[in-house]
Amino acid sequence: MSMIEFKDVEKYYGDFHALKDINLKIDAGETVVLIGPSGSGKSTLIRTVNGLEEIQEGQLIVDGFDLHDPKTDMNKIRKNVGMVFQHFNLYNNKTVIENIMLAPRLVLKRDEAENKRIAMELLERVGLADKANNMPSALSGGQKQRVAIARSLAMKPKCLLFDEPTSALDPEMIGDVLKVMREIAEDSDMTMLVVTHEMGFAKAVADRVIFMADGQILEDSSTEQFFKDPSNERAKKFLSQVANH
Amino acid sequence: MTIFNHYSSLFYSGFGYTLLASLIALVASLVLGTLFALLQLSKKRLWSGLGNAYVQFFRNVPLLIITLFFYLAVAKVIKMTGFVAGTVALSLYTSAFIAESVRAGILSIDKGQMEGALANGLSYGQAMRVIVLPQAFKVAIPSLGNQFINLVKNSSILAFVGGLDLMYQGNLVAASSFDTFTSYIIVGIFYLVLTLPLSYGMQYLEERLQGNR
Amino acid sequence: MNDFLNALTPDNLGYLMQGLWITVAVSVLSIVVSFILGSVIGIVMFEKIPYFSSLVGTLNNIVRNLPLLLIIFFTYFALPQIGIRLPVFWSTVVAMSFFEAAMLSEIIRGGLDSIDKGQFEGARSTGMSNRQTMMYIILPQAYKKMIPPLISQLISLVKDTSLASGIVLADLTFRGQVVYAQNSHYIVPILVFMTFCYFIANYLLSLLAKRLDRRLA
Amino acid sequence: MEKNKKRLFGITASILLVLILIVAGFWAANRAHENRMHQDTLARVEKTKTINWGVKTDTKLFGLVNTKTGQSEGFDVDLAKALTKQIGKQLNMKLTATFTPVNASSKVQLLKNTNIDGVAAVMTITKERAKIVDFTDPYFPAGNSLLVKKDSGIQSIKDLNDPSKTILIALGTTAADTVKKEAPKAKVLALQDYASAMQALKAGQGQAIVTDNAILYGLVTENPDYHVVGGIMGYAPYGIAFDHNQPGMVKESNEALAALKKNGTYNALIRKWFGQVQGLDVSQLEVTQ
Chain S
1 MSMIEFKDVE KYYGDFHALK DINLKIDAGE TVVLIGPSGS GKSTLIRTVN
51 GLEEIQEGQL IVDGFDLHDP KTDMNKIRKN VGMVFQHFNL YNNKTVIENI
101 MLAPRLVLKR DEAENKRIAM ELLERVGLAD KANNMPSALS GGQKQRVAIA
151 RSLAMKPKCL LFDEPTSALD PEMIGDVLKV MREIAEDSDM TMLVVTHEMG
201 FAKAVADRVI FMADGQILED SSTEQFFKDP SNERAKKFLS QVANH
Chain X
1001 MTIFNHYSSL FYSGFGYTLL ASLIALVASL VLGTLFALLQ LSKKRLWSGL
1051 GNAYVQFFRN VPLLIITLFF YLAVAKVIKM TGFVAGTVAL SLYTSAFIAE
1101 SVRAGILSID KGQMEGALAN GLSYGQAMRV IVLPQAFKVA IPSLGNQFIN
1151 LVKNSSILAF VGGLDLMYQG NLVAASSFDT FTSYIIVGIF YLVLTLPLSY
1201 GMQYLEERLQ GNR
Chain D
2001 MNDFLNALTP DNLGYLMQGL WITVAVSVLS IVVSFILGSV IGIVMFEKIP
2051 YFSSLVGTLN NIVRNLPLLL IIFFTYFALP QIGIRLPVFW STVVAMSFFE
2101 AAMLSEIIRG GLDSIDKGQF EGARSTGMSN RQTMMYIILP QAYKKMIPPL
2151 ISQLISLVKD TSLASGIVLA DLTFRGQVVY AQNSHYIVPI LVFMTFCYFI
2201 ANYLLSLLAK RLDRRLA
Chain H
3001 MEKNKKRLFG ITASILLVLI LIVAGFWAAN RAHENRMHQD TLARVEKTKT
3051 INWGVKTDTK LFGLVNTKTG QSEGFDVDLA KALTKQIGKQ LNMKLTATFT
3101 PVNASSKVQL LKNTNIDGVA AVMTITKERA KIVDFTDPYF PAGNSLLVKK
3151 DSGIQSIKDL NDPSKTILIA LGTTAADTVK KEAPKAKVLA LQDYASAMQA
3201 LKAGQGQAIV TDNAILYGLV TENPDYHVVG GIMGYAPYGI AFDHNQPGMV
3251 KESNEALAAL KKNGTYNALI RKWFGQVQGL DVSQLEVTQ
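Chains as they are written, first to last, in our numbering: chain S, 1 to 245; chain X, 1001 to 1213; chain D, 2001 to 2217; chain H, 3001 to 3289.
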């Protein structure tokens, strides 16, 4: 069963054609990495999946719901689709643990004791149990991003979206975040769609790699195939440039 | 000072009505202002248009005209005293300015806060109420404070419609004692008792908030 | 509808429009005077001259925190008691200028504060005096930033002029009251008409402010 | 170095400013005292060759602005003009009448502040006011009456002597004293002007307006659902007011008023302004020789 399905999707920002004829299917449990030069539409694409961006044409089916249908309740979908952002977007007015507990309390009406237990468990898993009562402003970037991941996991989503989760971090922070992400990919059956420039992570974790440029999907192949011999010329060029760095 | 002693009960009762009108209008305009700020920011054209129209209307029309409208026209249909008419007008007028402050506050909050909350599964309303608005109000405190000071000063509009407030009583005392000079100075001191602490409190808060940044 | 036509006869309309003219005249005169006065006060507060700045600031704060209506009544009714006797038009201009100067001085001080300190250091390092720096470097930049808030202050002025109807200044608001004294059926039409006049005048000003804001940004 | 200079300047300027404020304060207090002293209105009138009258702008039949000319028109205005002319004759000079609009709360203030020379603005002669201003002989026989809704059943002010009732008056009129005397238990609400009072009555904020009968007749002309009841409470005629202690001006005015009554000008004006008012017997107002 597919978790995410794009059918002939088109997206415009005014006159700018941001996504062109996107057709893409991601099965439940798959880990897919989305790469491409900046401005290629990767972020736009991932943001459409939980409705932060609207599409203008085509069909986008997530977890069985058609997002383009105005009758669809976005809140229902977002319950099952978590997202981790480039700039973390932690709630500035809440402590670390409150950041994690808020949505389960308001949306899932999770029992308070249970909520706290799960939140602490998650904090331990990302290695930040001692920061539970700090404000986000007291954390480093890498710590913030790990809290953001814990916050998404607390909703027990079926699908998790990562929008360049490490590109705003100092190099020495990246490892910790990637480690957490890899653990999630390995020990759960969660669907993951990751926009990243970390080729090492892609190679190690992804089932499939999708290459985008100019709002189009140019290559969609298995990880092994992609890194060995991409069929698309631009993908080849991109890979060689990234490898040189 | 003999004037004050002679008419002190008038001054005190006027002060009470001014305080009452200010407090009622404060609460009402805060609620209305927030509501219209949210309307202005709505993605639906109709709602945002409605919000904008409301704010533009009340920002660009004199408070006195609005007050007279309630007092002379609306009161024909819905019976109300000058005090009520004045306080309603004051609330609506101030709410347009508060809407602008709150709107600016909301816009100053990083878009990521809303997106993070939405992606986290919160509904738009929940995200607004629990995450964005509390932060927006904090940012808006200095400008909200200024609006509250203006509100207290503007409550003098009640004098035009028999609103029994400080200014109304001041006019009465000035007209019957003919020591206009002293009467109005006493009225001024009463207003300052309300507005000066607010003003200095706001300055203090503003400096502290700037220090935090 | 009939009431509208009856209320807005050519005579009444002409009478009201003269009132609008008085409203505009008072507003423009007041903004000019208060701008000059407010600049002086604003600069004094900005310069942080020991004792003097805080004294001026305190006096300024007192004026700012009084209702304009009180200041208008005081100027017209109380000042004659010490021999300062002004016609109602000039009395209004004086009261509004005095009050608005206190409001504007805060805007001007804020505008000056917002200029990067590097501008001072740069100018002073080239050998310009404090006064020259102020005149040629700081004030022009600050005024440019202050144009939008100045226009919104002008909008307040146009609105606040209506308060002077309380001392029988024959402005738009007062004249409206005179017209509906002819017949109480005219109250709604006249109020609607006055609202329309004020709204158009002020809305145009606010559009101007927005446009300048965009151009200067 | 510069810092010290600034400091010195600051201290000097502060002391100077405080001194200026103190001096201004004393000067103001002194001027206020001086200003209470006598100024002769007649002398001023003779010097300027004008009499500046305070008149109403919003009172039908007495002083209502004609929007075509922008000038107040009414019995008060016409009488003031006639008086000016007559006083000029008595003083052997040509006097001009000028008019300044006043409202109920500003008329005495302006008189005291000498912005205007006299007040012809439906002003009732009372003992209280006579302590503050000088009145001429009565020029219009008025008294307080009640304006109520025709179906209200209220017949006299006694019906309103109850804490649950509210009586509407205009600010700065004598109605307050009448109400205090006749219906001490009733609540009183003072409005800025008669139009507001009428509106308040219609809105049910009060049960009756108490004010001068002449003004109430003006209100009735456009509000046929209302009528005037309660007779005339106390003969409270209108007088022309001048600043306090102006025997010269008052004497000239009284002579002029008597002359106008004698030569028929007065009656002509009465008929001009009150001839059309329904329910008012004009002959009661006219003077008989």
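Note that CB positions come from ideal geometry on N, CA and C, so glycine has one too. Keep in mind the model is a prediction, meaning the values are calculated, not measured.
Taking only beta-carbon positions, decide if residue i is within less than 7 Å of chain S.
i	result
X/Y1012	no
X/G1112	yes
With respect to the alpha helix (DSSP H) encompassing residue i, which residues constitute its N-terminal and C-terminal limits?
i	result
H/R3271	T3265 to F3274
S/Q59	Looking at the DSSP string, S/Q59 is not in any alpha helix (DSSP H); the run it does join, the beta strand (DSSP E), is E57 to V62.
H/H3227	From DSSP, H/H3227 is part of no alpha helix (DSSP H) but of the beta strand (DSSP E) over Y3226 to Y3235.
X/H1006	T1002 to Q1040
H/G3239	First-last for H/G3239: Y3238 to D3243, but that is the beta strand (DSSP E), not the alpha helix (DSSP H).
D/I2041	P2010 to E2047
Does any residue of chain D have a CB that is nearer than 7 Å to the CB of residue i?
i	result
X/L1064	yes
X/G1086	no
X/M1202	no
H/S3072	no
H/P3101	yes
X/V1061	yes
Figure out for me which residue from the options has the closest Cα to the Cα of residue i.
i	options	result
S/R208	S/F227, S/G215 and S/Q216	S/F227
X/G1016	X/Q1040, X/S1143, X/N1060 and X/Y1168	X/Y1168
X/L1019	X/T1180, X/G1201, X/G1162 and X/L1151	X/L1151
H/Q3109	D/I2187, D/L2008 and D/F2073	D/F2073
D/N2002	D/I2108, D/F2193, D/M2045 and D/Y2186	D/Y2186
D/S2053	H/K3107, H/I3215 and H/S3014	H/S3014
D/P2087	H/V3102, H/G3074 and H/T3048	H/V3102
D/F2193	X/V1061, X/F1004 and X/T1002	X/V1061
H/T3084	H/K3068, H/T3173 and H/N3052	H/N3052
X/T1067	D/Y2203, D/D2213 and D/L2191	D/L2191
S/G82	S/V126, S/D8 and S/C159	S/C159
H/Q3192	H/F3135, H/D3058 and H/K3180	H/D3058
H/L3146	H/Q3199, H/L3216 and H/S3105	H/L3216
With a cut-off of 7 Å, does the C-beta of residue i fall near any C-beta of chain A?
i	result
H/V3077	No chain A appears in this structure, whose protein chains are S, X, D and H.
Using the DSSP secondary-structure output, state which residues sit across from residue i in a beta bridge.
i	result
S/R208	S/V32 and S/S222
S/F162	S/V84 and S/V194
H/E3073	H/L3064
S/Q216	S/A213
H/N3052	H/T3098
Indicate whether at least one CB of chain H lies closer than 7 Å to the CB of residue i.
i	result
X/Q1021	The displayed chain sequence assigns Ala, not Gln, to residue 1021 of chain X. X/A1021 does not count as touching chain H.
D/P2080	yes
D/V2178	yes
D/D2160	no
X/F1160	yes
D/D2011	yes
X/N1171	yes
Under 8 Å by Cβ, that's how I've got residue i and residue j pegged, so tell me the actual separation to the nearest angstrom.
i	j	result
S/E10	S/I55	7 Å
S/M212	S/G51	Not quite, the Cβ-Cβ distance comes to about 20 Å (not below 8 Å), so this is no contact.
H/A3121	H/K3107	5 Å
H/T3178	H/V3210	6 Å
H/G3118	H/A3241	7 Å
Kindly indicate if chain X contains any beta-carbon less than 7 Å away from that of residue i.
i	result
D/K2048	no
D/T1960	The shown model of chain D, from 2001 to 2217, leaves out residue 1960 of chain D, and the question about it has no answer.
H/G3025	no
H/A3190	yes
D/I2031	no
Between which two residues does the beta strand (DSSP E) containing residue i stretch?
i	result
H/Y3139	V3133 to F3140
S/Y12	S2 to Y13
S/A185	Here S/A185 belongs to no beta strand (DSSP E); instead the alpha helix (DSSP H) covers P171 to D187.
H/K3149	G3143 to K3149
S/N23	F16 to D27
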